[in-house]
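2 protein chains.
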Amino acid sequence: MSNSRNFEEKLRSAGLRPTRQRLEICEVLFDRKETFHFTIDGLQKILKNKLNTKISIATVYNTINSFKNKGYIKEISLNSEKTYFDTNVTNHHHFYDETTSELIDFHDSDVEHLQLRKNLPGKKIKSIEVLVKVANK
Amino acid sequence: MSNSRNFEEKLRSAGLRPTRQRLEICEVLFDRKETFHFTIDGLQKILKNKLNTKISIATVYNTINSFKNKGYIKEISLNSEKTYFDTNVTNHHHFYDETTSELIDFHDSDVEHLQLRKNLPGKKIKSIEVLVKVANK
DNA sequence: CAATATATTAGAACAATTCTAAAGTGCTTT
DNA sequence: AAAGCACTTTAGAATTGTTCTAATATATTG
Ligand SMILES: [Mn+2]
Ligand SMILES: [Mn+2]
Ligand SMILES: [Zn+2]
Ligand SMILES: [Zn+2]
Numbered sequence: 000m001s002n003s004r005n006f007e008e009k010l011r012s013a014g015l016r017p018t019r020q021r022l023e024i025c026e027v028l029f030d031r032k033e034t035f036h037f038t039i040d041g042l043q044k045i046l047k048n049k050l051n052t053k054i055s056i057a058t059v060y061n062t063i064n065s066f067k068n069k070g071y072i073k074e075i076s077l078n079s080e081k082t083y084f085d086t087n088v089t090n091h092h093h094f095y096d097e098t099t100s101e102l103i104d105f106h107d108s109d110v111e112h113l114q115l116r117k118n119l120p121g122k123k124i125k126s127i128e129v130l131v132k133v134a135n136k
Numbered sequence: 000m001s002n003s004r005n006f007e008e009k010l011r012s013a014g015l016r017p018t019r020q021r022l023e024i025c026e027v028l029f030d031r032k033e034t035f036h037f038t039i040d041g042l043q044k045i046l047k048n049k050l051n052t053k054i055s056i057a058t059v060y061n062t063i064n065s066f067k068n069k070g071y072i073k074e075i076s077l078n079s080e081k082t083y084f085d086t087n088v089t090n091h092h093h094f095y096d097e098t099t100s101e102l103i104d105f106h107d108s109d110v111e112h113l114q115l116r117k118n119l120p121g122k123k124i125k126s127i128e129v130l131v132k133v134a135n136k
């Protein structure tokens with residue numbers, strides 16, 4: 000598989016050198032079909048399991064912040080406890096399951112007519128996102 | 000004006016004694032017609048101006064947390080920098096103005112048919128809220 | 001005006017994130 | 001392949017937002 004090649008190019012395209020640590024982080028974040036939601040803490044645990052050694056927390060933060068700034072991931076805020084990140088950078092909506100603390104994507108096609116009647120003069124809309132909080136019945 | 004009377008009762012109804020500090024906080028939060036969005040930091044600055052002495056940060060946090068737990072205010076998360084609070088505890092939507100860092104309410108009647116097609120089996124919906132990020136044109 | 005229960009406060013503790021600067025690695029040039 | 005330089009990683013310090021602690025102050029009750 001030429002994934003590490005791909006990730007190398009991805010990193011270079013972002014002006015980042017393809018180091019061992021960054022390639023491992025890429026594997027966790029991008030080597031999957033499905034969308035991936037994570038916290039820094041969760042990511043570090045995954046990396047620790049994967050590698051049996053740990054990548055320093057500063058490197059994890061630096062890398063994630065670089066990816067965020069490059070537009071390869073985005074930040075999702077839904078409560079004050081944890082900051083979530085999302086490898087799906089398109090404009091989309093979320094279910095947040097309060098029972099499991101899980102985030103689940105959904106898309107424009109899953110809501111009817113999300114059309115604003117209200118407008119703010121002199122402002123342009125950057126994003127419109129719906130957050131649906133759910134819990135066990 | 001019998002506002003301090005009202006606030007006294009409000010505090011008692013929440014099982015809180017009406018102290019000087021809590022009454023001052025009530026005035027800032029609730030003695031207004033419009034909805035009020037604030038951060039802890041912003042609230043403390045308002046209180047300091049109003050009083051010329053400061054209420055300790057621990058008291059501000061304790062009081063706001065009590066009000067949150069009693070359902071008198073709610074927490075709004077929109078970025079990882081600051082936690083916002085809202086005296087409007089109804090289910091409603093927000094514009095977040097990235098240029099001014101201001102939060103503006105809007106309501107169900109301001110969106111067309113916010114109706115979900117997607118559903119999660121075994122889960123019940125706690126809230127559906129839209130966040131519209133805007134910035135200067 | 002006690003006695004007692006609860007609240008306020010400064011500062012300590014804690015957690016998440018960023019900064020610092022020393023040591024290590026990757027890249028370019030030879 | 002080695003040298004030199006730029007960039008990266010790291011541990012630990014610093015910073016920030018929040019909660020805890022325990023001593024002092026205030027509110028309530030009798
Ligand atoms: Mn690997
Ligand atoms: Mn006053
Ligand atoms: Zn998502
Ligand atoms: Zn609001």
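Chains as they are written, first to last, in numbering that gives the first Met the number 0: chain A, 0 to 136; chain B, 0 to 136. Virtual Cβ for every residue (Gly too), placed ideally from N, Cα, C.
**Item:** 3 or more residues per run - each beta strand (DSSP E) lying fully within the region 34–91 of chain A
**Value:** Segments of the beta strand (DSSP E) lying fully in the region 34–91 of chain A: 36–38, 73–76, 82–85.
**Prompt:** Taking DSSP as the reference, what is the three-state secondary structure of B:Ser12?
**Reply:** helix
**Asked** So is the beta-carbon of B:Leu42 under 7 Å away from any non-hydrogen atom of ligand 4?
**Response** no
**Asked** If you draw a straight line from the C-alpha of A:Gly41 to the C-alpha of B:Ile45, how long is it?
**Response** 38 Å
**Item:** Below 7 Å from a heavy atom of ligand 5 - residues by beta-carbon
**Value:** By its list of ligands, the structure shown excludes ligand 5, since it contains just ligand 1, ligand 2, ligand 3 and ligand 4.
**Message:** Against chain A, which members of the region 52–80 of chain B pass a CB distance test of less than 7 Å?
**Reply:** Glu74, Ser76, Leu77, Asn78, Ser79
**Asked** Can you tell me whether B:Leu50 is buried or exposed, with buried defined as 16 or more other CB within 10 angstroms of its CB?
**Response** exposed
**Asked** How long is the line joining the alpha carbons of B:Leu71 and B:Thr89, rounded to whole angstroms?
**Response** A quick correction: the sequence has Tyr, not Leu, at residue 71 of chain B. In this structure, the alpha-carbon of B:Tyr71 lies about 10 Å from that of B:Thr89.
**Item:** Contact with chain A by B:Val129, beta-carbon distance below 8 Å
**Value:** yes
**Request:** Measure the Cβ-Cβ separation of A:Phe105 and B:Lys132 and say whether it is below 8 Å.
**Result:** no
**Asked** What residue from B:Ser100, B:His92, B:Ser12, B:Asn87 has the CA that sits closest to B:Glu80's CA?
**Response** B:Ser100
**Request:** Determine whether the Cβ of A:Val88 lies closer than 8 Å to any Cβ atom of chain B.
**Result:** Not a single CB atom of chain B sits nearer than 8 Å to the CB of A:Val88.
**Prompt:** Going by other Cβ atoms of all chains shown within 10 Å of its Cβ, with 16 needed for buried, is A:Thr62 buried or exposed?
**Reply:** buried
**Message:** Just to make sure I have the definition right: I need the residues of chain B whose C-beta is within less than 7 Å of the C-beta of A:Ile124. Which are they?
**Reply:** Val131, Val133
**Request:** Using DSSP bridges, identify the partner residues of A:Val129.
**Result:** In the DSSP assignment, the residues bridged to A:Val129 are B:Val129.
**Message:** Output needed for A:Lys69: all residues of its chain with C-beta closer than 6 Å, excluding positions within five of it in sequence on either side, in chain order.
**Reply:** Ala13
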